[in-house]
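Report on the structure given below.
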Amino acid sequence: MKYIFHEKIGRHMNRNFNSSFIYKVRLEFQEFLRMKERAINEQTKKRYLSDFDFYMNYYILDKVMIDDYFNIFNDLKLRHYFSRRKSSTARATIVNMVDFFYSNLKLTSGQNLSIKKELSKYGKETNEEVDFLTNLDINFIFSSAVEYRFMERDKEAKLVAPVIWSLAYHQVFEQNHILKLKTTDLNLITGEIRNLRSDNDSLILKWMTLEEKSKEILSEYIDYRNTMQIKSDKLLIIEGKEANNITINKMLNILNNRIENSNKISTKVHVQKLNRTRIYHSLLDTNGQSTIDFLRLIGLKKNTQFDNALKQYLTDLNTY
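Just remember that the numbering used here sits 6 ahead of the position in the sequence shown, which is counted from 1.
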């Protein structure tokens, strides 16, 4: 009885010690994520920490000696973890945890390579994780806080760039749609814009109501466009010519490549990310009720950004 009593006390003390250890490691891991070369946005960070908490509490607490860092990532634990965690960040979280322990000299080079080799069984890392802009990012992008330089061409960019961002975010237009839009596709009097997807799908909305912010941005742009002698009927004109992928990307790079702006945004901005972020934010705001609205907008054909947004929304429901 005396031995059993001491054994229980030992287990209790060990659990308390391990809990304290995990809490300390969690704080250090958060700092590691914060210091990464490209800041991780808050939504992604929450998903990383949710995966971290699951892994540490399910596989480490009471199960592994706290100095046995290599065993934290043994093949049995990883196999079971990936059978349970299906979020878009499940693998990236483990990769970051391994990098974190390796950078803190808790894993040798050989151990690091061995774990990475084991991780390769569970899918390859893509060049860019499917992430989303935060509400703070969106508020900044559509605010007067965006910095434009004192250059002649930036006078136009200040009017043109927000049009691209707004068509991609508020109206969920893909880049090829933005390039195809004509002036006749826009009706500022009724506050509508033609849904180009309806050309190939009779089941979806032919005209979309403009979001108020989008209407405001487009009105200012049209006033400017009307001052130019433009023969083209294309809606978007940049530097006197019809917009193309290169000039659209130049407008996006006002956010991405100018440090005065990129430092205030948590992730790189492109049209696809604006598309999926808009859908994801709407799903969050409506508890998923806007799903049908977006299907009426984009149709039933496969749409990668809709799929990404819906998958993340459903993952969030199952995670938190």
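All C-beta atoms in this analysis are idealised placements derived from N, C-alpha and C, irrespective of residue type, glycine included. Note that this is a predicted model, so its numbers are computed, not measured.
- The residue from 303, 166 and 212 with its alpha-carbon nearest to that of residue 243 is 166.
- Assignment of alpha helix (DSSP H) within the stretch 73-156, counting only whole runs of 4 or more residues, yields 81-90, 96-109, 115-125 and 141-147 in chain order.
- Counting only runs of 4 or more residues that sit fully inside the stretch 199-264, the alpha helix (DSSP H) segments are 218-231 and 251-262, in chain order.
- A straight-line Cα-Cα distance of about 25 Å links residue 58 and residue 282.
- In this structure, residue 118 lies away from residue 128, with their beta-carbon atoms at least 7 Å apart.
- Per DSSP, reduced to three states, the secondary structure at residue 185 is helical.
- Within the same chain, Cβ atoms closer than 7 Å to the Cβ of residue 197 are found at 215, 216 and 221, the five residues on either side in sequence being excluded.
- A residue is called buried once 16 or more other Cβ atoms fall within 10 Å of its Cβ, and residue 265, having fewer, is exposed.
- Taking residue 125 as reference, the option from 137, 293, 82 and 296 with the minimal CA-CA separation is 82.
- When C-beta atoms of the stretch 219-239 are compared with those of the stretch 94-102, fewer than three pairs fall below 8 Å, so the two segments do not count as touching.
- Within the same chain, and ignoring the five residues on either side of residue 143 in sequence, the residues whose Cβ sits closer than 6 Å to its Cβ are 271 and 272.
- In the three-state reduction of the DSSP assignment, residue 314 falls in the helix class.
- Secondary structure at residue 165: helix, using DSSP grouped into helix, strand and coil.
- The beta carbon of residue 241 sits closer than 7 Å to those of 187, 188, 189, 191 and 192, all from its chain and outside the five residues before and after it, given in chain order.
- Among the bridge pairs identified by DSSP, residue 192 is matched with 199.
- Ranked by Cα distance from residue 230, the first of 255, 139, 182 and 164 is 164.
- For the 7 Å CB-CB criterion, residue 178 and residue 302 do not form a contact.
- Apart from the 5 residues on each side of it in sequence, residue 280 sits with its Cβ closer than 6 Å to the Cβ of 174 and 175 in its chain, given in chain order.
- Judged by DSSP secondary structure, residue 179 falls outside any alpha helix (DSSP H); it is assigned neither H nor E.
- It is roughly 21 Å from the alpha-carbon of residue 226 to the alpha-carbon of residue 259.
- Burial state of residue 111 is exposed, judged by a 10 Å Cβ sphere holding fewer than 16 other Cβ atoms.
- Counting along the chain, residue 279 sits inside the alpha helix (DSSP H) bounded by residues 277-291.
- Cβ contact annotation for residue 153 (same chain, cutoff 7 Å, sequence separation greater than five): 264, 266 and 267, in chain order.
- The Cβ atoms of residue 30 and residue 39 do not sit closer than 7 Å to each other.
- From the listed residues 306, 262 and 277, the smallest Cα separation to residue 204 is found for 306.
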